[in-house]
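S.K.: Going by the numbering used here, the sequence shown opens with residue 139, and the numbers climb by one from there. Heads up, the beta-carbon is just placed ideally off N, CA and C, and yes, glycines get one too. Just so you know, these numbers come straight off a predicted model, no measurement behind them. Sending over a structure as structure tokens; questions will come in a sec.
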Amino acid sequence: MTTRPSSPPGWPLGWLRNLWRSQSLRAHITLVATLLFGVTVAAGALLLIGLLRMSLLHEIDSSASKAGAGIAGLLREGKQPTILTGISGVDQAQVLDADGQVVAHAALTDAYVPLLSGEQLARARAGHRIDLDGVAGLLGEKVRVTAVPAVNGQTVLVASGLGAVQRAVRLLRLAALTGGPIAVLAMGSATYAIVARTLRPVAALRRGAEQITAAGLAEHRLPVSDAQDELRRLAVTLNAMLDRIDTATQRQRTFVGDAAHELRSPLASLRTQLEVAGRVGPPGDLTAFLDDALADVTRLDRLVEDLLALARSDESGGALRRSEPVELDALAGAVLAGYVTARVPVSARVAPVIVEGDPEALRRIMVNLVDNAVRYAKSQVAVTIEQSRRGRGQATAQLVVADDGPGVPASERERVFDRFYRVAPSRSRETGGTGLGLAIVRDLATAHGGQVRLAGNHPGLRVTVTLPAVTAAPQ
């Protein structure tokens, strides 16, 4: 039984949060885009209405100030008619004396009651515009009164109706309230359709992933769209990753099968020898029996050690477990000391050289190469360590192990690095090789930033491991 995630304690809109989480990506994008567009439309409408109102009021104030200045000019010239005429652009006008009494007025303006009260008049004389709900002759319509100073403390009051402003603002507000939702709805529908079309490759990727889950990596890959967009690049990247996973999986299966096969042979030999010894008693030549059993055990021990080395290399992803300055010549001396009693002489010519790496991994490289050379050599094995330089002058260390055995044909020198691969003459396993030595050497050399090359030694095989060298001595 599954339970829906509950909202955090104190979350007042938990249901809204759960609803949001339950929606698809298409719905999320559509809702966010529509919301942003709606907010933009609303803000634009409010800004437009505000700018329109400010523009109309500025026009009215300009006309009122101009009309008031004309009347004030007549008063300065001594022309003070009782009835003001010839005033254009305004609805009403009055001339007040210093005491606030009406001394002149326009035709439709009250001749006795001032347009503004005492407090309003004081504010108007201070430069403020006064908005009134209505005056005589302009009932039901707001008016805006502007005061213009004249001579002898007189004040000219000019009143302009705001009906035109109110009607223009009301019309624009109605257009915004009607057209805004329609535009937001159209935007939401268009966004939903565009997102649906855009996310088609994502749905195709999901179906491809379902097919891969059902049929396996070997049969299917994710579909790649024709559009040169991010989703195409994502599909290409994912397919490359799936190719690597498929290759690694197949390599692992082959590795496990080969490892099981290699382990089965010595185990079967040991079991057969022990069963025979248990049924008929110890053989007459007990020493030969024990030598055979010990050889199989040694072969198993070597195989398990090689398998463990490869498993550690795969687990680390080709990275070194540790890194420190290593004197390669000193390490070679310690390793070659164990080959004094080898089946063929092992000679060494080493020069002082320092590399940065894992001492145990470098020892493993040497041991695997020398073991392989001793196993196949006819009369001698030569080990050389020297310092050289690459194309740009970078110091390198070269470890060369050469033998005079049968060698490896040029056509198979790359395949011998495959795990459990053996050159045809050695497939009988009589030499005791596991087929993993060179694979381990290449993995460890690559982890150190180096490389391995095979070449003929005329006769025999010459293996060269090149590693980056350092110039500073170890602490």
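Do you know how far the Cα of Arg-311 is from the Cα of Thr-329?
M.R.: Spanning the two alpha carbons is a distance of roughly 26 Å.
S.K.: Under a Cβ-count criterion, where at least 16 other Cβ atoms within 10 Å of its own Cβ denotes burial, should Ala-499 be classed as buried or exposed?
M.R.: The residue is buried, with at least 16 neighbouring Cβ atoms inside 10 Å.
S.K.: Have a look at Leu-474, Arg-335, Ala-352 and flag the residue whose alpha-carbon is nearest the alpha-carbon of Leu-369.
M.R.: Looking at the Cα atoms, Arg-335 is the closest of the given residues.
S.K.: In or out: His-166 buried (at least 16 other Cβ within 10 Å) or exposed?
M.R.: The residue is exposed, with fewer than 16 neighbouring Cβ atoms inside 10 Å.
S.K.: Who are the Cβ neighbours of Leu-300 in its own chain at under 6 Å, not counting the five residues just before and after it?
M.R.: Hits under 6 Å: Lys-280, Arg-282.
S.K.: Mapping the DSSP letters down to three states, classify Ala-535 as helix, strand or coil.
M.R.: Three-state result, Ala-535: strand.
S.K.: For a test of the three-state rule: what should DSSP assign to His-358, helix, strand or coil?
M.R.: Of the three classes helix, strand and coil, the one that applies to His-358 here is coil, per DSSP.
S.K.: Do Val-307 and Ile-187 have their C-beta atoms closer together than 8 Å?
M.R.: Yes, the pair counts as a contact, with Cβ atoms nearer than the cut-off.
S.K.: Starting from the C-beta of Gly-294, find all residues in its chain whose C-beta is less than 6 Å away, skip the five residues before and the five after it, and write them out in chain order.
M.R.: Contrary to the premise, residue 294 reads as Val rather than Gly in this sequence. Closer than 6 Å at Cβ, skipping near neighbours: Gly-206, Ile-209, Ala-210, Val-233, Val-286, Ala-288.
S.K.: Between Leu-194, Ala-264, Ala-365, Ser-327, which has its C-alpha nearest Arg-164's C-alpha?
M.R.: Selected option, being the one with the closest Cα: Ser-327.
S.K.: Figure out for me which residue from Ala-515, Ile-332, Glu-465 has the closest Cα to the Cα of Val-493.
M.R.: Ranking the options by Cα distance to Val-493, first place goes to Glu-465.
S.K.: Below 7 Å CB to CB, which residues in the same chain sit around Gly-176 once its five sequence neighbours on both sides are set aside?
M.R.: Answer for Gly-176: Val-322, listed in chain order.
S.K.: Got a sec, what are the start and stop residues for the alpha helix (DSSP H) Gln-304 sits in?
M.R.: Looking at the DSSP string, the run of the alpha helix (DSSP H) that includes Gln-304 is 301-336.
S.K.: Which two residues bound the contiguous alpha helix (DSSP H) that contains Leu-246?
M.R.: Segment: none, Leu-246 is in no alpha helix (DSSP H) and carries neither H nor E.
S.K.: Count the C-beta pairs between the segment 580-589 and the segment 513-525 that are closer than 8 Å, then say yes if the count reaches three, no if not.
M.R.: No, the segment 580-589 is not in contact with the segment 513-525.
S.K.: Use the C-beta contact count for His-196: other C-beta atoms within 10 angstroms, 16 or more gives buried, fewer gives exposed.
M.R.: By the neighbour-count rule (16 or more Cβ atoms within 10 Å), His-196 is not buried but exposed.
S.K.: Taking all protein chains shown into account, do 16 or more other C-beta atoms lie within 10 angstroms of the C-beta of Ala-262, making it buried, or fewer, making it exposed?
M.R.: Buried, since its Cβ has 16 or more Cβ neighbours within 10 Å.
S.K.: With three or more beta-carbon pairs closer than 8 Å as the criterion, would you say the segment 538-550 touches the segment 508-516?
M.R.: Touching, per the Cβ criterion.
S.K.: Taking all protein chains shown into account, do 16 or more other C-beta atoms lie within 10 angstroms of the C-beta of Val-296, making it buried, or fewer, making it exposed?
M.R.: With 16 or more Cβ atoms within 10 Å of its Cβ, Val-296 is classed as buried.
S.K.: With C-beta atoms as the reference, is Leu-605 less than 8 Å away from Ala-535?
M.R.: Against a cut-off of 8 Å, the Cβ pair of Ala-535 and Leu-605 comes out as a contact.
S.K.: Of the choices Leu-360, Gln-388, Arg-459, whose alpha-carbon is the least far from that of Ala-378?
M.R.: The shortest C-alpha separation from Ala-378 is found at Leu-360.
S.K.: Provide the residue span of the beta strand (DSSP E) that contains Leu-253, from first to last.
M.R.: Run containing Leu-253: none; DSSP gives neither H nor E here.
S.K.: Below 8 Å on the Cβ atoms is my guess for Gly-545 versus Gly-594; work out the distance and round it to an integer in Å.
M.R.: With a Cβ gap of about 6 Å, Gly-545 and Gly-594 count as contacting.
S.K.: Where does Thr-604 sit, in a helix, a strand or coil, going by DSSP?
M.R.: Three-state DSSP puts Thr-604 in a strand.
S.K.: Measuring only the C-alpha atoms, how far is Val-590 from Val-608?
M.R.: Those two C-alpha atoms are separated by around 19 Å.
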